[in-house]
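J.: Read in order, the letters of the sequence shown correspond to residues 1 to 259 in the UniProt record's numbering. Please see the structure below; I have some questions.
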Amino acid sequence: MFSPAGGSAVRTIRPWLWLLLLALLTGCASTGGEPSTGPSDPLEGVNRGVYGFNEVLDDYALAPAARGWTRITTPGVRDSVGNFFDNLAAPGVVLNNLLQGKFRDASATTARFLVNSTVGVLGLFDPADRYLGIAAREEDFGQTLGVWGVENRPYLVVPLFGPSSGRDVTRYPVGYYTNVLTYVALDTVTMGAFTAVNVINTRAQLDRAARLRDESAIDPYAFTRSAYLQYREQQVYDGNPPQDEDPYGDFFDELESGD
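Okay, structure coming up:
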């Protein structure tokens with residue numbers, strides 16, 4: 001499911017392209033469609049109900065809107081729209097880098113934000129990465145809490161927002177209040193319009209991956225849960241989690257390198 005909220009709440013959807021691919025790999029270890037109980041998902045019954053609601057909303061609203069958006073835009077336009085919203089969320093990345101003690105990354109992200117906001121025409125383009133080699137960094141408050149030692153549990157499926165946890169759900173309000181759009185939107189209608197474009201554009205970019213998951217997974221809920229928890233672990237450890245907790249490290253390394 002894809003969040004309707006602005007800021008980094010929507011920004012975190014981009015890793016879903018990798019997450020869904022990982023779900024297909026981990027699916028072979030699933031026990032099928034039977035619900036499982038365990039410490040990672042003690043609220044599975046409720047979570048599955050919310051997951052079903054989110055999927056219905058996606059099927060009848062977001063997915064059709066995203067396919068319509070794809071028909072009237074080019075890949076370049078969709079990339080620019082994504083760049084624009086990513087740039088607006090950069091102050092939140094800087095804050096979380098500082099809270100994690102990543103001062104060099106905070107400086108790099110600040111420089112990236114300034115370059116893309118000016119030379120990059122309000123963030124529509126990404127000259128910071130293309131010409132200066134300052135790549136985008138993904139940091140949110142859920143990751144910060146993970147770095148501080150807070151465990152990623154219990155697993156939660158949040159209405160409209162999708163997969164989360166008792167730890168990671170904190171990233172939504174922090175992301176909202178550290179997003180530039182929160183302070184420059186003239187009114188609620190403007191904020192809603194920008195958010196809608198962001199959600200639909202992101203959903204359009206992930207349409208093929210979402211369909212692949214649904215067509216291949218015996219139990220899409222279990223696949224999504226497993227992939228989400230593993231991906232968040234990767235983010236907390238910056239791609240280098242403890243080996244005993246990361247059987248898919250090579251997979252993520254290849255994705256990061258683009259091989």
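Cβ atoms here follow ideal geometry from the backbone N, Cα and C, with glycine treated the same way. All figures in this text were calculated on a predicted structure; none of them were measured in a lab.
Check each candidate in Arg-211, Arg-137, Ser-164 and Asn-240 and name the one with the smallest Cα separation from Asn-47.
T.: Checking every option, the nearest Cα to that of Asn-47 belongs to Ser-164.
J.: DSSP puts Ser-165 in a beta bridge; with which residues?
T.: Per DSSP, Tyr-155.
J.: Under the rule that 16 or more other beta-carbon atoms within 10 Å means buried, what is Glu-139, buried or exposed?
T.: With 16 or more other Cβ atoms within 10 Å, it is buried.
J.: Going residue by residue through the segment 46-128, where are the continuous beta strand (DSSP E) segments of at least 3 residues, counting only ones entirely within it?
T.: Entirely contained in the segment 46-128, not one beta strand (DSSP E) run reaches 3 residues.
J.: Name the two residues that bound the continuous alpha helix (DSSP H) containing Tyr-176.
T.: Per DSSP, Tyr-176 belongs to the alpha helix (DSSP H) from 171-177.
J.: Let's test the definition: count the other Cβ atoms within 10 Å of the Cβ of Ser-226 and tell me whether it reaches 16, buried, or not, exposed.
T.: Classification of Ser-226: buried, given that the 10 Å Cβ count is 16 or more.
J.: With a threshold of 8 Å, are at least 3 pairs of Cβ atoms found where one atom belongs to the segment 124-134 and the other to the segment 164-179?
T.: No, they do not touch.
J.: In whole angstroms, give me the CA-to-CA distance for Pro-154 and Glu-44.
T.: Approximately 10 Å between the Cα atoms of the pair.
J.: For Ile-200 and Tyr-176, I'd like the C-alpha separation in whole angstroms.
T.: So the alpha carbons of these two residues sit roughly 18 Å apart.
J.: Hey, quick one: how far does the alpha helix (DSSP H) through Ala-136 stretch, first residue to last?
T.: From DSSP, Ala-136 is part of no alpha helix (DSSP H); its letter is neither H nor E.
J.: Would Thr-190 be called buried (16 or more neighbouring beta carbons within 10 Å of its own) or exposed?
T.: Flag for Thr-190 reads exposed.
J.: So, with DSSP's three-state summary, where would you put Leu-206?
T.: It is coil, neither helix nor strand.
J.: Do the segment 82-99 and the segment 51-62 touch if we need at least three Cβ pairs shorter than 8 Å?
T.: The segment 82-99, when compared against the segment 51-62, does not touch it at the 8 Å Cβ threshold.
J.: Out of Val-115, Gly-146, Thr-144 and Gln-143, which has the shortest C-alpha to C-alpha gap to Leu-132?
T.: Nearest option by C-alpha distance: Val-115.
J.: Let me know if Thr-77 comes out buried or exposed under the rule of 16 or more other beta-carbons within 10 Å of its beta-carbon.
T.: Checking the displayed sequence, the identity of residue 77 turns out to be Val instead of Thr. That one is exposed.
J.: So Ala-204 packs on Ala-66, CB below 8 Å; how close in whole Å?
T.: Sure, about 4 Å apart at Cβ, within 8 Å.
J.: In this structure, does DSSP put Pro-242 in helix, strand or coil?
T.: Three-state result, Pro-242: coil.
J.: From Tyr-183 to Gly-146, what does the alpha carbon distance come to, in whole angstroms?
T.: Approximately 28 Å between the Cα atoms of the pair.
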